[in-house]
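**Student:** My questions all concern the structure below.
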Amino acid sequence: MPQYSWSRDHAYHHKTNGNWERYRGVADFLSIEEFSNLTPSNQKLYQLLRHPLMAIPGGFFYLAIKPRLALVMGIYDLIIDIINSLKTKLTINLSKIISDHKSKHWQSAEEFWDLLFNNIFVISSWIILSYIMGAGFFFTIYSITLTFSAAIFINIFFVQHIFEDSYAHKTEGWDYITGAIEGSSYLELPTILKWFTADIGYHNIHHLSEKIPNYNLQACHQKNIHLLSKVKTLKIKDMLGCSEFILWDCASSRLVSIDSFRQSI
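Note that the sequence shown covers residues -10 to 254 in the numbering used here.
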């Protein structure tokens, strides 16, 4: 995953968490009004695409395919831009064209170079390891490892913000601190899983101040536990149930399940 795009998206997520007019969660959730306007078949598709098992192909696509696809599509647009420049000028300044080029796949020249070099190094490592280990063996192990590790972390990220009564406000009246406390969960994990996830289960603390290093998240949580009574505490057994809350009820500023929405009609 290229660092620039990840950092940009992560910063936007922190800046807008709980403001559901600006940020619709990990899976672009719909409001109940938007969901109502879908055809029955599209409603079923919406529900299917947000099933927890979709994190399996989704995680692989996000990490292994999306950055490669973004570069290819972005370079195609850039080449078109260069060709158009050549039609009006005999010489061109390539670095200036890259700097001035407006792309939906990157937002700055620095992000373009980060995406380019990320792809060069990742694809080079694929080629080298395929040569050493054999392409079939390498891509089998690589795909399985990447797919399931990504799926696990997507589902962990999901429940850090998607749960019953999670703070889901519109822009007017939205509050950053409330978003961090009531819109971010504390995922209680066994010690070994805390280590593997770098204590990111203390997501409420992470959102209160992203500058706190992960190794201090637990200490900060425990020292300020008396101020965190409104933080949702979840356990591993609660994770599957959180997957039901995939609609935004703007009127009540909360997330609801499709079943509860249909019962209220």
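Beta carbons are placed, not taken as given, at the ideal position from N, Cα and C, and that holds for glycine. Computed from a predicted structure; not experimentally measured.
For Trp95, which of helix, strand or coil comes out of DSSP?
**Tutor:** Taking the sequence shown and counting its residues from 1, the one referred to as residue 95 is at position 106. If DSSP states are grouped into helix, strand and coil, Trp95 belongs with coil.
**Student:** Provide the residue span of the alpha helix (DSSP H) that contains Asp66, from first to last.
**Tutor:** In the sequence shown, residue 66 corresponds to position 77, counting from 1. First-last of the alpha helix (DSSP H) with Asp66: Lys55 to Thr77.
**Student:** Quick one: any contact between the segment 220 to 232 and the segment 170 to 188, if contact means 3 or more CB pairs under 8 Å?
**Tutor:** Counting Cβ pairs under 8 Å, three or more are found: they touch.
**Student:** One question on the structure: do Tyr(-7) and Asp103 come within less than 8 Å of each other, judged by their Cβ atoms?
**Tutor:** Taking the first residue of the sequence shown as position 1, residue -7 is located at position 4. Taking the first residue of the sequence shown as position 1, residue 103 is located at position 114. A contact, by the Cβ cut-off of 8 Å.
**Student:** Taking the beta strand (DSSP E) that Trp237 belongs to, which residues open and close that run?
**Tutor:** Residue mapping note: residue 237 aligns to position 248 of the sequence shown, counting from 1. Looking at the DSSP string, the run of the beta strand (DSSP E) that includes Trp237 is Leu236 to Asp238.
**Student:** Are the Cβ atoms of Thr186 and Leu178 separated by less than 8 Å?
**Tutor:** The residue labelled residue 186 in the question sits at position 197 within the sequence shown. The residue labelled residue 178 in the question sits at position 189 within the sequence shown. Closer than 8 Å, so yes.
**Student:** Identify every run of the alpha helix (DSSP H) within the segment 139 to 219, keeping only runs that are complete inside it and at least 4 residues long; order them along the chain.
**Tutor:** Whole alpha helix (DSSP H) segments, 4+ residues: 165 to 171, 180 to 185, 192 to 197 and 206 to 212.
**Student:** According to DSSP, is Val15 part of a helix, a strand, or is it coil?
**Tutor:** Working through the sequence shown from its first residue, we reach residue 15 at position 26. Here Val15 sits in coil by DSSP.
**Student:** Measure the C-alpha to C-alpha separation of Leu37 and Met43 and round it to an integer number of angstroms.
**Tutor:** Indexing the sequence shown from 1 puts residue 37 at position 48. Indexing the sequence shown from 1 puts residue 43 at position 54. Cα-Cα distance, rounded: 8 Å.
**Student:** Quick check on the DSSP output: the alpha helix (DSSP H) that includes Lys85 runs from which residue to which?
**Tutor:** Looking up residue 85 in the sequence shown gives position 96. Run containing Lys85: Leu83 to Asp89, per the alpha helix (DSSP H) assignment.
**Student:** Whose C-beta lies closer than 6 Å to the C-beta of Ile235 among residues of the same chain, with five residues either side of it excluded?
**Tutor:** As a position in the sequence shown, residue 235 is number 246, starting the count at 1. Phe18 and Arg39.
**Student:** Can you tell me where the alpha helix (DSSP H) with Lys4 in it begins and where it stops?
**Tutor:** Counting from one through the sequence shown, the residue named residue 4 turns up at place 15. Its alpha helix (DSSP H) spans residues Gln(-8) to Thr5.
**Student:** Taking DSSP as the reference, what is the three-state secondary structure of Ser246?
**Tutor:** Mapped onto the sequence shown, residue 246 falls at position 257. Looking at Ser246 - three-state DSSP - the assignment turns out to be coil, as it is neither helix nor strand.
**Student:** Could you pull out every residue in the same chain whose Cβ sits closer than 7 Å to the Cβ of Gln149, ignoring the five residues on either side in sequence?
**Tutor:** Within the sequence shown, numbered from 1, the residue matching residue 149 stands at position 160. Counting only Cβ-Cβ distances below 7 Å, and skipping sequence neighbours, we find Ser173, Ser174, Leu176 and His192.
**Student:** Could you give the distance in angstroms between the alpha-carbon of Thr167 and the alpha-carbon of Ile247?
**Tutor:** The sequence position of residue 167 within the sequence shown is 178, counting from 1. The sequence position of residue 247 within the sequence shown is 258, counting from 1. Taking the straight line joining both Cα atoms gives about 25 Å.
**Student:** On the CB-based measure, 16 or more other CB atoms within 10 Å of its CB, does Asn8 come out buried or exposed?
**Tutor:** Here residue 8 corresponds to residue number 19 of the sequence shown, with the count starting at 1. Asn8 comes out buried.
**Student:** Assuming Lys226 is part of the beta strand (DSSP E), what are its boundary residues?
**Tutor:** Within the sequence shown, residue 226 is the residue found at index 237, counting from 1. Here Lys226 belongs to no beta strand (DSSP E), and DSSP marks it neither H nor E.
**Student:** Going by DSSP in three states, Ser119 sits in which element: helix, strand or coil?
**Tutor:** Counting from 1 along the sequence shown, the entry for residue 119 is found at position 130. Correct three-state label for Ser119: helix.
**Student:** Where does Leu60 land, buried or exposed, given buried means 16+ other C-beta within 10 angstroms?
**Tutor:** Reading the sequence shown from its first residue, position 71 is the one you call residue 60. Buried, since its Cβ has 16 or more Cβ neighbours within 10 Å.
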